[in-house]
Amino acid sequence: RPMHYGMNVSDYHFDAILDIIKGVLKESGVKPKDIMDAILILQPVRADVTTGFTVRMEMARKNVEKGKDQMFKRLGASEGITALMDQFFNIGTTDVRIKEFLLKDKDRIKAGMTVYIVEMLGGP
Numbered sequence: 008r009p010m011h012y013g014m015n016v017s018d019y020h021f022d023a024i025l026d027i028i029k030g031v032l033k034e035s036g037v038k039p040k041d042i043m044d045a046i047l048i049l050q051p052v053r054a055d056v057t058t059g060f061t062v063r064m065e066m067a068r069k070n071v072e073k074g075k076d077q078m079f080k081r082l083g084a085s086e087g088i089t090a091l092m093d094q095f096f097n098i099g100t101t102d103v104r105i106k107e108f109l110l111k112d113k114d115r116i117k118a119g120m121t122v123y124i125v126e127m128l129g130g131p
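The opening residue of the sequence shown carries number 8 in the working numbering; numbering runs sequentially from there.
Shown next, in the form of structure tokens:
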């Protein structure tokens with residue numbers, strides 16, 4: 008457990024590794040039943056490998072429940088986020104890599120991004 012705790016390995020990552028192992032065993036000519044046996048042998052270590060991620064996710068969930076709108080308030084509520092989006096678009100419309108995309112429908116994109124960020128940060 009201690010070795011994997013700080014690695015942030017989620018179930019998704021663990022399943023991806025199992026898929027890689029399955030593929031390697033299959034390419035190596037291992038029989039399907041033996042492949043499934045190997046995967047079953049690895050399943051019990053899942054909790055040991057993913058514990059750090061699970062603990063951090065649960066702590067984050069509890070923090071969100073306690074004060075979901077904390078970041079929203081720290082950024083200055085809706086007005087602060089609107090100002091942040093104004094700055095983003097001022098900078099973005101001078102960047103030749105994204106300028107064309109942002110200028111096509113600037114007001115609609117900016118309004119949509121603002122609403123999205125307000126909602127994600129727990130605003131009204």
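Glycine is no exception: its CB is placed at the ideal position from the N, C-alpha and C atoms.
Inter-residue CB distance, residue i and residue j (contact presumed, cutoff 8 Å)
| i | j | result |
| --- | --- | --- |
| alanine 84 | glycine 130 | 7 Å |
| glycine 13 | glycine 59 | 6 Å |
| histidine 11 | aspartate 55 | 7 Å |
C-alpha gap between residue i and residue j, whole angstroms
| i | j | result |
| --- | --- | --- |
| valine 52 | phenylalanine 21 | 10 Å |
| lysine 111 | leucine 128 | 27 Å |
| methionine 120 | serine 35 | 49 Å |
| glutamate 86 | glutamine 50 | 49 Å |
| arginine 63 | lysine 106 | 38 Å |
| tyrosine 123 | alanine 45 | 44 Å |
| lysine 69 | alanine 90 | 29 Å |
| proline 39 | leucine 32 | 9 Å |
Residue i - containing alpha helix (DSSP H), residue span
| i | result |
| --- | --- |
| proline 131 | Looking at the DSSP string, proline 131 is not in any alpha helix (DSSP H), and its letter there is neither H nor E. |
| leucine 82 | Careful: leucine 82 lies outside any alpha helix (DSSP H) and carries neither H nor E. |
| proline 39 | 39-49 |
| glycine 30 | 18-34 |
Other residues of its chain near residue i: CB distance less than 6 Å, five sequence neighbours each side excluded
| i | result |
| --- | --- |
| leucine 109 | Gly99 and Thr100 |
| phenylalanine 96 | Lys117 |
| leucine 82 | Ile88 |
Close-in-space but distant-in-sequence residues of the same chain around residue i (CB under 7 Å, 5 per side omitted)
| i | result |
| --- | --- |
| threonine 57 | Val16, Ser17, Asp18 and Phe21 |
Any chance the stretch 15-29 sits against the stretch 38-50, with 3 or more Cβ pairs inside 8 Å? Yes: the two stretches touch, three or more of their Cβ pairs being nearer than 8 Å.
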